[in-house]
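Be aware that the sequence shown starts at 1, since it is given in full-length UniProt numbering, and climbs by one per residue.
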Amino acid sequence: MSNPSREDYVKTQLRFAEAWASAEWEIEYGQPQRARETARAWVGIIELMVMGSSKSYTHACNTPYQPPRTAVLPAAPEISLSEMALSVTYLPAGAPFRFYQDHVEEIEKFLEGFIVADVPGEQCTRQTVFPEDRVLISWHTQCPPLFDDGKYPVLFNVFLLSPDGKEHETSRVTTRIVAAFPSEEGATVWVKTRVAELQASHDYNHAQQCLNKTCARRGHTYEPRYDED
1 MSNPSREDYV
11 KTQLRFAEAW
21 ASAEWEIEYG
31 QPQRARETAR
41 AWVGIIELMV
51 MGSSKSYTHA
61 CNTPYQPPRT
71 AVLPAAPEIS
81 LSEMALSVTY
91 LPAGAPFRFY
101 QDHVEEIEKF
111 LEGFIVADVP
121 GEQCTRQTVF
131 PEDRVLISWH
141 TQCPPLFDDG
151 KYPVLFNVFL
161 LSPDGKEHET
171 SRVTTRIVAA
181 FPSEEGATVW
191 VKTRVAELQA
201 SHDYNHAQQC
211 LNKTCARRGH
221 TYEPRYDED
């Protein structure tokens, strides 16, 4: 097989680079813009750099914790946006939804009276049709059981939210709090208000418990580690 000419090689590489850049632009700019234009709900996200729960953040003890990270994402049909390891999309009534068979009880916490059906050819997968509009938030499970022998629960990694502003929380490596709203303004206000409450509670509880004199001289403020951006 003969080597390609310089001109053919350059053309091939340029086509590849163009396709790659086009895909990156679509993810970075195209999908977010279309999601904003067609959004049916908005999701506020607060990420706390602690394991356990939001209580672990507010009841900080030895050192001040990193400030919360936040985002407000549009939830639009047929578009999935990702932020802080969460994926957000909008599923209108009548949309099909598949899930692991052991998650029926978890799904019931979000949906009432839904009908579960088998998926042909898939032993452990079930499906249903949404009775009403929902915001789907999902994430990758971390540290799953090494052996699926029934001794350990399968981690549930889905929220099916109505845009009613109710908070839901999940914690794996970090703790994330989410809530869905009918408008961007509502989600933005909730994020700012909730973060202020969390930080105020964290700062107060930490200052009450911290005995570190160096930390006290800094006013018990957070000091980034050398390896953080």
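A virtual CB, placed ideally from N, CA and C, is assigned to each residue, including glycine.
Counting C-beta pairs with one atom in each stretch, the region 126-136 and the region 86-100 have three or more that are closer than 8 Å, which means they touch. Scanning its chain for C-beta atoms nearer than 8 Å, with the 5 sequence neighbours on each side dropped, one finds around residue 46 the residues 68, 69, 70, 176, 177, 178, 191, 194, 195 and 198, in chain order. For residue 170, the secondary structure class from DSSP, reduced to helix, strand or coil, is strand. If you look at residue 90, you'll find it in the beta strand (DSSP E) that goes 86-91. In this structure, DSSP gives residue 66 a state outside helix and strand, which the three-state scheme calls coil. The three-state secondary structure of residue 32, taken from DSSP, is helix. Residue range 6-25 is occupied by the alpha helix (DSSP H) that includes residue 16. For residue 203, the closest alpha carbon among the candidates 64, 52, 33 and 44 is that of 64. Distances from the alpha-carbon of residue 30 to those of 5, 79 and 56 put 79 closest. In this structure, the alpha-carbon of residue 24 lies about 23 Å from that of residue 43.
Taking the CA atoms as reference points, residue 182 sits about 27 Å from residue 127.
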